[in-house]
Each structure stands twice: as structure tokens, then as C-alpha cells.
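As C-alpha cells, the structure follows; a few thoughts come after it.
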Amino acid sequence: MDISDRKRLRRLAGVVAVVGALGLTQVGSASSAVVQSDEPLAPGTVASTKNLQLVTNIPRQGVNDGVFQSDLAFAGDVAIQGTYGGLNFYDIKQPQKTKLITQFACPGGQGDPSVTPDGDLVFMSVDSARTDDSCESSGTSTANPDGWEGIRIIDTSDLSNVQQVATVRTDCGSHTHTLVPGESDDVVYLYISSYGPNAVFPNCQPPHDAISIVEVPLDDPASASVIEKVVLFPDGGAISRTAGCHDITVYPELDLAAGACMGEGVLMDISDPTAPYVIDSVTDTNFAFWHSATFNNDASRVIFTDELGGGGGATCNEAVGPERGANAIFDIVGEGDDRSLEFIEYFKIPRHQADTENCVAHNGSIVPAKGRDIMVQSWYQGGVSILDFTDPTNPVEIGWFDRGALDPPGLGGSWSAYWYNGYIYSSDITKGLDVLRLTGTKGLPSANSVKQSYFNAQTQYAL
Amino acid sequence: MKLSKKARSVAVVAGLVSALAVGAVAYADPPPGKGGGKPPKNPVPTTSTSTTAPAPPPEFNTADSEFVAMMIPHHFQATLMSQLAPERSGDQTLQAFADRIDVEQTVEIGMMQNWQTWNDLEVTDAEMAYEMMLGMPMHVEHMGMATAAEMDALAASSGTDFDRMYLELMIDHHEGALAMIEDVLINGSDTTLQFWATDMLVAQGVQIDQMEQMLSELG
């Protein structure tokens, strides 16, 4: 800590403490300071509520240093981190001693990963045009008809010899994708979410009201291909044009999916995984950019997020307010094809962030505490937040971990924060991987007793 | 390459005059990748065929820096138009829509200014650049912006007249933005900006449809 940091801390210490109704105290390197919730943390400081402790951090490094770290998936004792430049694999057998096992250099943002239940295959989304589909490719223009973007299929059965085994080109690339189990164990499907069609983009022509479905035969992944392009919005959607989806979360046990599709949130039936169809859709005047969906543990409720500003904007402040760049909680009511989404309430972190901190609702997952609806969620430079929405009319933040603004200023913060076997893993765009431990929360013992053998955040099961 | 403050402001004016060529402000040598992390003491094995790190993600080029420098004042006009709505429109839907645009484009102005900071570029003063552009009718038209006279007329209108004029002007404004966005998506090279531009493309495209619908409902 340099002198200027000390000065900042002293100034913060002078601020009147308004820690909130829950009486949370802050710990971490800024433990001497108590910060009121509408005062951003000072650059260089780290703070959290007492119930959410940083266990360890593995800095960004090696071949994936200097590139953004993005989403996460888990298989056994391995955490898989996507980056704009490839993948990182961490040994999380002892979470407090998490270590990097290997890296796979294969560029193409944003690198959204998913993993098969046995951990032998990883799929990675590429949504920026490359000169070809190889790991040695370089960036090219969206207008290049020979440019490639889509899905990489990577053999991870031997982590000492990670290999790309196939690629599948998909319309408009693959911004994200969702692993959907097949009717049998020897096939999985990938729902490819991509958007932004335009007449001048040869590989992304309008209309693009569809998702591509990639079929991956697990005994022959190299033969994976697009088997369907399902038009979700034959009439163009609730507004006159949707332009694809950003992300889809499936809940296979109920044959249900929730999609964040440009301009609207949708509920889908996926009883035939190759023929999903929309059963309800909602719009919201406050929502700018429908980003993702997370079901609660029994899928009676869904949280949609609004990534106002695309993740680059400073929206966690007074000016933007509590209902924009926020979560929106919906109840799922009715039966079968009559099911519909009913808006309940917004939630946004109440901790104001600095104007240089990109902060908006982002990726999260359910903490499987029995009888409660708890979600851990990334808010970029707003940090990692624990949301209790058991009473959906009164969602409250019950814990958080946050760093002050990056200094020098830059794009950063937590991209994804997920619960996996008793710990929270947060992929930080520039800081690498944070491992966090939640304590002192009602229902946690039941959550801690849940053991998963793999986890893809967009493929939800009752835990 | 660093330019003196005076040289930079001259470059901005010159750029504006020569149709969007603000690229003169961009540095010839973009800064290296913003790594920040220390090299590991014991490098972990990598499965890439090369032992050296891959090329850093493409940094910005002139198309990127031009886009941002022009889009900031372009957005600024949208916020000014939208801020007129609460006192002049009698339509709640339109008011909510205008508020949405105001919030969204204000956030995006901040984003783009932050992007300039991250890349050691001069930060565009939104209002000043906007005033400068208004004085150049060719530019205003090229970018789908409202002229000074149209802005005055909008400010002087109310009720349904305001609603109609707001929608017509904002549709043109958004169409102008889409052309700028297409250009940066084809010619730009900054990965972050490419993702932002794609989001803007979609958001503004959807909004054009919403506005056309509102316009047709006005009869």
C-alpha cells in the first residue's frame, strides 16, 4: 500500500458508517475503514461483508495474461475458465489451495465455456470473426465472407494434452451457448445464442430470429454439426424485430428454458430438445439489454438480467437508479403451454460504484440453500453479490465482496460468480480467479451438503 | 506519439471538416495490451503449440477511435432531444421511451469516454464536440442528426406535434448511428468496442422499430 492509499483509507475511515439494516461489517484490506453504501470503495482497496471471505486468488497469467477472463464451467475437481485467448484449467480439489493446472491458447472472444458431464469435452463460444477456425488464426473483419466464428470443440480428457477436435461455424457466431442433454447419454445439444444481423455481414444476415442447434455425438465429437436453425420468433417477436438471443438457460427436468433475447425475455418448452418453442414472452420498459436468465432452485421463478451498456458502462450509481441495469424477478405461473411470466420486483446492488467502474447485473447461479432462494451474482466492478430473493417482493443483498476501481482505470471486475460444491468461484476479467467462502447464512448447511460432479450455469438442475 | 494539446484540438477541427476523419487524433502506436499481471515464477505448462504468448487481442485502430469521437456527440444530441420529452409530451409511453434513451445513451457516453481514457486518447467533451458539429450542416445530415433549426423547433413544440417530431428526428438519428456502427464493425479492430458496437446495433435497431410503431399509432 502506498502513501496515497493510506490517505484514501483515512478519508474513508472518517465517513459516517451506515452499514445497513443487517449490521454487516466489512473486512479485508480495508478493514480499518467502514464505508457507507453510497460511497464507492477507494481504488486499490478490497472489502467484503464478514460472511463472504476471499479464500484465495490466482492471478491472470501465462498465455492468457493480458486477455479478458470470462465465464466458468466445472467438472469434478477442475474449474474451467474461458478467456478471450483460450482456456484456463484449475485444480480445485482443495479450494483454498486452488492452482492453475494448464492453459490452452486458442483465441476468440468471449470464450464462454461448457463441459460434458464426464469432463472430457469442453465447448467454447467464439463471437468475433477469425481468419480461420484454427487456434493460430487472427482477427478479421465481420465483413470478410471467409471469416470464421462459432463453436470450438475441445478434447479435455487428458489435461496434459488438450486439443481442439472440431469446430462448427454458426450464423452470427456464438456469443454464448447452452448445453442441453440429449434423449440418450451419447449425445448433447448446444443451443447457440448469437445476435446482431446486418445486411452487410455475409455470415450474419437478417432476419436472425433463430438459434442454431449443434448436435454433438459424444463418441464422435468431430462429426458435430448444426442440425436445426429454430426460428423462435416466426412473427418477429413481441416488438417488430428481435435479432437473436444473448443467452438461454435450460432446466431439463421440467423441459423448460428461459431465454434473454434482444428486447424480450422468453419462456420456452424444450420437451423435444431439437424443437424448442416459445410459450410466453415479456418486455419491460426499464430493460435495455436482456442478458441472461437464472431459475430459482425449483424453477418456479426466474431472474432476468439487464446488461444496460453491454457491461462497459458505469450504471451502479444514483443517476441510473435501482431499476435499470438490474435484475427483474418473475414468477412462472400456470401449467403447460399456458405458463406465463409474471413480474414481481427489480433488484440492483445498493452499493454505488465509481464512475470509472463498469458495473451492471451479470452472471450468477443459485446457492442451493433448502427452503430459500439465494443467488450469487457478478456485477463486474460492483463485485460479487449474494442475493436473497426468498421473498421476491423484497429481494435483499445479504453479502458481498468488492474491489475498489481499477487503477489505472480499465474494464474489469467479476464476469461470472458461481456456487460449486460449497465454494464460490468468481472469474475476474483482469484479476484471474477468486475463490470465496460464504458463511453464517441460514440454510447454508443444506447447500454445503450438495455435491455436484459437474456444473454448467446455463444448464440448471434442482440441487 | 503524443500530440500537444494545441495540436490535438487543431486535429479535431480538421478531422471534423474532412468528413469524419478524426483519425488524426488517434495515436499511430496503440499502447501494448493492458496486462498488469506479473509473469508467473513457475510458468505452467501450456498445450499450445507455441511456447510464446499469442498475439495480444487486436488493439484499436483509426476506425475505432473515429467512431468513439463521433459517437459521443451523436449520443449527446439524443440525450438532449429525450430530455425535452417530460415537459412536452403528453404520452406516457413516449416519455418512458425517451427516458430509456436518455439513460442508455448517457451511460454509453461515459463508457466511450472511459474507453478513450483506457487507450490514452484524448477524452471527447460531449457538449463541446456536439456544439462544434451543429455548426457543420453537412456532418449533421450525414450522421442523421437533427439540425440546429430542428432542435429549436422540437423544443418549441408540445403534445402530439412534439411526439411526432421527436420520433421522426430520432428515427433518422438512430439510422445515422446504425451506419456509423456498421462502419466500425467492418473496419474497427478493438475487441471490446466490437462487442459494444454489436450491442448498440441491436438496441438501436429494436428502438427504430418501436418508434415506427409509435409513429404509426399517432396516425
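So the sequences go chain by chain: A and C. Letter 82 of the first sequence, counting from 1, is numbered 82 in this note's numbering, and no numbers are missing. Start counting at 1 in the second sequence, then tack on 1000, and there's your number in this note's numbering. Here a beta-carbon is modelled for each residue, glycine too, at the ideal position from N, C-alpha and C. Just so we're clear, the structure is a prediction, and the values are computed from it rather than from any experiment.
Listed by position along chain A, the residues whose Cβ is nearer than 7 Å to that of C:M1111 are G309, G312, G313. Counting of Cβ neighbours within 10 angstroms places A:N358 among the buried residues, the total reaching 16 or more. For the region 104–128 of chain A, the set of residues with a beta-carbon nearer than 9 Å to any beta-carbon of chain C comprises F104, A105, C106, P107, G109, Q110, D127, S128, in chain order. Residues of chain A with a Cβ closer than 8 Å to the Cβ of C:V1107 are, in chain order, L308, G309, G313, A314, T315, V320, G325.
Contact check between the region 1100–1114 of chain C and the region 1064–1082 of chain C: three or more CB pairs, one atom from each, fall below 8 Å, which counts as touching.
Nearest to A:P117 by alpha-carbon distance, out of A:Q164, A:K93, A:S184, is A:S184. Straight-line spacing of the CA atoms in A:P234 and A:Y195 works out to 16 Å. Residue state for A:E39 is assigned as coil, using DSSP reduced to three classes. For the region 1183–1200 of chain C, the residues whose beta carbon sits under 8 Å from a beta carbon of chain A are, in order, L1185, I1186, N1187, S1189, T1191, T1192, Q1194, F1195, W1196, T1198, D1199, M1200. Taking the beta carbon of A:N198 as reference, the chain C residues within 9 Å of it are L1178, I1181, E1182, L1185, L1201, G1205, listed in sequence order. In summary, the residues of the region 284–297 of chain A whose CB is separated from some CB of chain C by less than 8 Å are T285, N286, A288, F289, in the order they occur in the chain.
One finds nothing in chain A with a Cβ atom closer than 8 Å to the Cβ of C:V1068; even the nearest lies about 11 Å away. Listed in chain order, the alpha helix (DSSP H) elements of length 4 or more contained wholly in the region 44–102 of chain A amount to none. The three-state secondary structure of A:G432, taken from DSSP, is strand. Within chain C, the residues placing a beta-carbon under 7 Å from that of A:G263 are V1206, ordered along the chain.
Take the alpha-carbon of A:M375 and the one of A:N317: they are about 22 Å apart. Distance from the CA atom of C:S1065 to the CA atom of A:F201, rounded to whole angstroms, is 21 Å.
In the same chain as A:S340, and ignoring 5 residues on each side of it, the C-beta atoms closer than 7 Å to its own belong to D280, V333, G334, in chain order. Per DSSP, reduced to three states, the secondary structure at C:V1202 is helical.
With a threshold of 8 Å between beta carbons, A:Y90 makes no contact with chain C. Cβ contact annotation for C:A1146 (same chain, cutoff 6 Å, sequence separation greater than five): L1169, in chain order. Between the C-alpha atoms of A:A73 and A:N456 there is a straight-line separation of about 5 Å.
Counting only unbroken stretches of 3 or more residues, the beta strand (DSSP E) elements lying wholly within the region 154–183 of chain A are 163–169, 176–181, in sequence order. For the set A:T131, A:G259, A:T283, A:V126, the Cα lying nearest the Cα of A:A210 is the one of A:G259. With a threshold of 8 Å between beta carbons, A:Y195 makes contact with chain C.
Non-local C-beta neighbours of A:S212 in its own chain, meaning closer than 7 Å and more than five positions away in sequence, comprise T170, D171, I192, V226, K229, ordered along the chain.
Residue range 1062–1083 is occupied by the alpha helix (DSSP H) that includes C:S1065.
Shown in chain order are the members of the region 400–411 of chain A whose Cβ falls below 9 Å from a Cβ of chain C: L406, P408, P409, G410, L411. At a cut-off of 8 Å between beta-carbon atoms, A:T176 makes no contact with chain C. By the Cβ neighbour-count rule, A:A275 is exposed, with fewer than 16 other Cβ atoms within 10 Å of its own.
Three or more beta-carbon pairs drawn from the region 413–431 of chain A and the region 70–84 of chain A are found closer than 8 Å, and the two stretches are therefore classed as touching. One thing to note: A:T459 has its Cβ no nearer than 8 Å to the Cβ of A:V282. In terms of Cβ geometry, A:I424 and A:L436 form a close pair [threshold 8 Å]. Residues I349, Q377, W379, E397, W400 of the same chain have their beta carbon placed closer than 6 Å to that of A:S385, with the five preceding and five following residues left out of the count.
Within chain A, no C-beta atom comes less than 7 Å from the C-beta of C:A1155; the nearest is roughly 23 Å away. Look at the beta carbons and you see the region 444–451 of chain A not touching the region 53–69 of chain A: under three pairs across the two are nearer than 8 Å.
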